[in-house]
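In terms of our numbering, the sequence shown opens at residue 30 and continues consecutively. The beta carbon of each residue, even a glycine, is placed where N, CA and C say it ideally should be. Please read the structure below before turning to the comments.
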Amino acid sequence: MSTSTATIPRTAPFTEEDVALLNRVVGPASPIQRAWLAGFLAGVESVSGQAQPAAPARPAEPLTIVYASESGNCEKLANDMAKAARKNGLKPTLIDMADLDLAALGSAKRLVVIASTWGEGDPPARAVRAYGELMGEGAPRLDGVEFGVLALGDTAYAEFCAVGKKIDERLAALGGKRVVERVDCDLDFAAPAAAWIGDALKVLAPPEADRGRVIEVDFGKPAAAPNTDIVEAEIIEHVNLNSSRSDKETVHLALAFEGAAPAYEPGDSLDLYAENDPAYVDELLRLAGLSSEEALRAEFIKSRDVTTLSLKTVETYAAQTAHQYVKALIADGEAKAWIVGRQLIDLIATFPIALTADQLRALTRPLSPRAYSIASSRREVGDEAHLLISAVRYNSHGRARKGVASNYVAERLKRGGRVRVKLKPNKHFALPAADKDIIMVGPGTGVAPFRAFVQERRATQAIGRSWLFFGDRQFTHDFLYQLDWQEALKDGSLTRMDVAFSRDRPEKVYVQHKLWDQRRDLIEWLDGGANFYVCGDAKAMAKDVRATLVRAYADVKALSPEAAEQAVAGLERDKRYLQDTY
Ligand SMILES: Cc1cc2nc3c(=O)[nH]c(=O)nc-3n(C[C@H](O)[C@H](O)[C@H](O)COP(=O)(O)OP(=O)(O)OC[C@H]3O[C@@H](n4cnc5c(N)ncnc54)[C@H](O)[C@@H]3O)c2cc1C
Ligand SMILES: Cc1cc2nc3c(=O)[nH]c(=O)nc-3n(C[C@H](O)[C@H](O)[C@H](O)COP(=O)(O)O)c2cc1C
Numbered sequence: 030m031s032t033s034t035a036t037i038p039r040t041a042p043f044t045e046e047d048v049a050l051l052n053r054v055v056g057p058a059s060p061i062q063r064a065w066l067a068g069f070l071a072g073v074e075s076v077s078g079q080a081q082p083a084a085p086a087r088p089a090e091p092l093t094i095v096y097a098s099e100s101g102n103c104e105k106l107a108n109d110m111a112k113a114a115r116k117n118g119l120k121p122t123l124i125d126m127a128d129l130d131l132a133a134l135g136s137a138k139r140l141v142v143i144a145s146t147w148g149e150g151d152p153p154a155r156a157v158r159a160y161g162e163l164m165g166e167g168a169p170r171l172d173g174v175e176f177g178v179l180a181l182g183d184t185a186y187a188e189f190c191a192v193g194k195k196i197d198e199r200l201a202a203l204g205g206k207r208v209v210e211r212v213d214c215d216l217d218f219a220a221p222a223a224a225w226i227g228d229a230l231k232v233l234a235p236p237e238a239d240r241g242r243v244i245e246v247d248f249g250k251p252a253a254a255p256n257t258d259i260v261e262a263e264i265i266e267h268v269n270l271n272s273s274r275s276d277k278e279t280v281h282l283a284l285a286f287e288g289a290a291p292a293y294e295p296g297d298s299l300d301l302y303a304e305n306d307p308a309y310v311d312e313l314l315r316l317a318g319l320s321s322e323e324a325l326r327a328e329f330i331k332s333r334d335v336t337t338l339s340l341k342t343v344e345t346y347a348a349q350t351a352h353q354y355v356k357a358l359i360a361d362g363e364a365k366a367w368i369v370g371r372q373l374i375d376l377i378a379t380f381p382i383a384l385t386a387d388q389l390r391a392l393t394r395p396l397s398p399r400a401y402s403i404a405s406s407r408r409e410v411g412d413e414a415h416l417l418i419s420a421v422r423y424n425s426h427g428r429a430r431k432g433v434a435s436n437y438v439a440e441r442l443k444r445g446g447r448v449r450v451k452l453k454p455n456k457h458f459a460l461p462a463a464d465k466d467i468i469m470v471g472p473g474t475g476v477a478p479f480r481a482f483v484q485e486r487r488a489t490q491a492i493g494r495s496w497l498f499f500g501d502r503q504f505t506h507d508f509l510y511q512l513d514w515q516e517a518l519k520d521g522s523l524t525r526m527d528v529a530f531s532r533d534r535p536e537k538v539y540v541q542h543k544l545w546d547q548r549r550d551l552i553e554w555l556d557g558g559a560n561f562y563v564c565g566d567a568k569a570m571a572k573d574v575r576a577t578l579v580r581a582y583a584d585v586k587a588l589s590p591e592a593a594e595q596a597v598a599g600l601e602r603d604k605r606y607l608q609d610t611y
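Structure representation (structure tokens):
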């Protein structure tokens, strides 16, 4: 009897997750089990076709779904859409924009793009190459391609949904036929995105499908997926890792779960559900003339975003109050600049007017959870999860400001308290095979996932080498997890560590300077197949690190700047240059 294993091909009309699930069952099944399954499915089909002779099978119509995603929201929606599409007579092909071959787009009949915006109006890191090509002169014509775009973003950013908007414009400019209007979603995207997917499928489904009917979008998760429901955890450690003389506060939070911890992997994050600062809410209510509204106070502390000030908020305020100065701010085109560094409280304090509870509520959106990289490996800490959270504090426009979630953690959560979290898997920031080398660049809280990586490599006795670049302000006061790294260096789970403390000497030293100093070894590790990981600040650090690596290639290998850029782009294409930046 043959003992060969069956593999479901990636081209099968299932999502990637479903293919993995099927392979897990069908792959190791015995020939008898497989024969039974084949007979069973054939039987099901013939029974369902008994009442009427089955019409000749019509080949499903193709639908290409491209997603540009960083933290997984668009990817999840694209998967959900593919499932719904399959139920509606379409054969979806799901493509991560990271893997998009632009030339192939011209032959798509129907195209959906689901894209988020990052940085300050930038595409997600993995999508940068394909996005650049799409916007460039070499982009293919898309005459006759029916398309629709769903954009995800955050109204708190000036460049709200910029990437989705630009892709939508570009597809039309290349000759595509927009058959569904774009929808721009804010952080509470679930309902509008589901509605858009339903509407888009009504238009895109083949004519023989009943276009009038209600399209169901199944937002269930595949059976094999880990639990991503909100769960409550107990805080069993709450420690400030900075010294008392540091001007920073970075909290190490250890969470314990009733029963098993969510099945996280190194590289995943937890979404944390915070509450607002009661003192801030009290002042906001006082300014709005609503101090006596106890129920509103409780609701605002728990579940409304009472700090974000977007252009939309200013417009709503102007419409609600007819405040002359606010209307003038918008009419003069000055509102966009005015909101920079300001919060909702500034709007009401600067242009005071008594508001009703409903008016104030309409100026806010639901309070969103904040993501934190998991800083532990379950193989080392069991049913715990560790987070590393830096308290965001700054001054602007004469007011002391505090980040909502990080100060909820730093100032109001205590050991023994409870917090609500939800697993946010990130399969794009995972460890490679145990024999592969890894280079990790994680200044500040960017080091969090690398503590998980190192713990995992220790627990699995991985033989690949691990090299960490860490940086912060001062060696004495800000060396996060210093003892952990020393132990890891001793037991070999960390092979090498380079540190950059920016405020120890007159000249600033950052991780990118250390990368440059070590460029020869760095390129040698990369030539030997090492993966390169970057986590932390997206605004400056991640860009500087990438630019430094390009310069390192050029210098060590005597390459032209273009060839060096290609070398780094090659690492990205091969998924060996991996980022999780924020
Ligand atoms: C995938 C991912 C992983 C993350 N991992 C971690 C982690 O491990 N540890 C960690 O600490 N954080 C991490 N973050 C960031 C975290 O999610 C929050 O964004 C951060 O804690 C701030 O949230 P907050 O609610 O405290 O601040 P918010 O209330 O959201 O305020 C932050 C906002 O304040 C404004 N702001 C901040 N500083 C200034 C300034 N100096 N001047 C003017 N305006 C300013 C900006 O508009 C900023 O967006 C991660 C983010 C992502 C997306
Ligand atoms: C660091 C950071 C920068 C962001 N920048 C923008 C932005 O410039 N414009 C915008 O509309 N949304 C911005 N967003 C919001 C994301 O687009 C939004 O969270 C989206 O749901 C992410 O989808 P994804 O998980 O598929 O990447 C930003 C989010 C983060 C964390």
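At least 8 Å separates the beta-carbon of Tyr96 from that of Asp130.
Closest option to Leu325, judged by alpha-carbon separation, among Leu200, Leu338, Ala429, Asp311: Asp311. No heavy atom of ligand 1 is found nearer than 7 Å to the CB of Val450.
Taking 8 Å as the cut-off, the Cβ atoms of Ala481 and Ile418 do not count as close. Sequence-distant Cβ neighbours of Val355 in its own chain, meaning closer than 7 Å and more than five residues away, are Val343, Tyr346, Ala347, Phe380. In this structure, the CA atom of Ala154 is about 43 Å from the CA atom of Thr385. Counting only runs of 3 or more residues that sit fully inside the stretch 481-542, the beta strand (DSSP E) segments are 495-501, 525-530, in chain order. Taking a cut-off of 8 Å for Cβ pairs, the stretch 205-214 and the stretch 159-177 touch, as three or more such pairs fall below it. If you check the C-beta of Thr184 against ligand 1, you find no heavy atom less than 7 Å away.
With a cutoff of 8 Å on beta-carbon distance, Thr610 and Leu452 are scored as not near each other. Secondary structure at Asp197: helix, using DSSP grouped into helix, strand and coil. Looking at the DSSP output, Gln608 bridges to Val563.
Per DSSP, the continuous beta strand (DSSP E) segment holding Asn424 begins and ends at 422-425.
At a threshold of 7 Å, Ser145 does not count as near ligand 1, since its beta carbon sits no closer than that to any of the ligand's heavy atoms. Bridge pairing for Val212: Leu179 [DSSP].
Straight through space, the alpha carbons of Ser98 and Asp128 are spaced by roughly 12 Å.
Straight-line spacing of the CA atoms in Pro88 and Pro221 works out to 31 Å.
Runs of the alpha helix (DSSP H) lying entirely within the stretch 298-342, each at least 4 residues long, are 307-316, 323-332 in chain order. When the alpha-carbon of Ala234 is set against those of Ala283, Lys112, Asp172, the nearest one is in Lys112. In the displayed model, Glu261 falls within a strand according to three-state DSSP. For Pro91, the secondary structure class from DSSP, reduced to helix, strand or coil, is strand.
Under the three-state reduction of DSSP output, Phe479 falls in the helix class. Going by DSSP, Thr379 is part of the alpha helix (DSSP H) stretching over 373-379.
Annotation: Val157 to Met164 spans about 11 Å, alpha carbon to alpha carbon.
For Ala223, the closest C-alpha among the options Ser405, Asp550, Cys103 is that of Cys103. With a cut-off of 8 Å on Cβ pairs, the stretch 393-400 is in contact with the stretch 294-304, counting three or more such pairs. In the DSSP assignment, Tyr582 falls within the alpha helix (DSSP H) that extends over 570-586. Between Ile382 and His352, the CB-CB gap stays under 8 Å. Assignment of beta strand (DSSP E) within the stretch 421-466, counting only whole runs of 3 or more residues, yields 422-425, 428-431, 447-453 in chain order. Distance from the Cα of Ala114 is smallest, within the candidate group Lys586, Lys231, Glu294, for Lys231. DSSP, reduced to helix, strand and coil, places Tyr96 within a strand of the structure shown.
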